[in-house]
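Residue numbers (the UniProt record's numbering): 1 to 121. The C-beta atom is built at its ideal place from N, Cα and C for all residues, glycine as well.
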């Protein structure tokens with residue numbers, strides 16, 4: 001069961017996007033929300049609350065759920081924590097072979113989660 005009707009939502013969003021006044025209202029509301037909401041410290045607060053006093057890496061490795069992708073050194077799964085659903089992407093390192101392969105194909109290897117970290121900041 002879906003919590004909403006997708007077609008109805010699509011029509012509503014289309015009308016909102018096509019109406020200049022409505023789009024301007026949504027823009028103002030979005031900026032006002034960003035000015036007042038504590039968006040940028042949410043990931044740290046969540047980690048502090050969920051895993052206080054525990055090693056966060058051990059806690060994440062122990063998460064169970066529906067695995068969407070599992071390859072050598074990485075796993076993506078959907079899990080629930082305190083009744084909320086989350087997607088978790090776990091990387092355990094890529095190894096020298098992957099680093100050299102990227103360098104030989106003129107690509108810089110991805111050695112950390114910098115892109116993901118920037119995305120949530």
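- A straight line joining the alpha-carbon of residue 60 with that of residue 15 spans about 42 Å.
- In this structure, residue 88 sits away from residue 50, with a CB-CB distance that is not shorter than 8 Å.
- Residue 11 has its alpha-carbon roughly 46 Å from the corresponding atom of residue 55.
- Among the bridge pairs identified by DSSP, residue 91 is matched with 74.
- Bounds of the alpha helix (DSSP H) holding residue 36 are 20-36.
- C-alpha of residue 91 to C-alpha of residue 118: approximately 17 Å in a straight line.
- Where residue 59 is concerned, the enclosing alpha helix (DSSP H) starts and stops at 56-61.
- Residue state for residue 114 is assigned as helix, using DSSP reduced to three classes.
- Per the coordinates, the alpha-carbon of residue 83 lies some 32 Å from the alpha-carbon of residue 28.
- Annotation for residue 102: 109 place their beta carbon closer than 6 Å to its own, counting only its chain and skipping 5 residues before and after.
- For residue 67 against residue 75, the beta-carbon gap comes to about 6 Å, under 8 Å, which counts as contact.
- Taking a contact as a CB-CB distance under 8 Å, the pair residue 23 and residue 17 counts as one, their CB atoms being some 6 Å apart.
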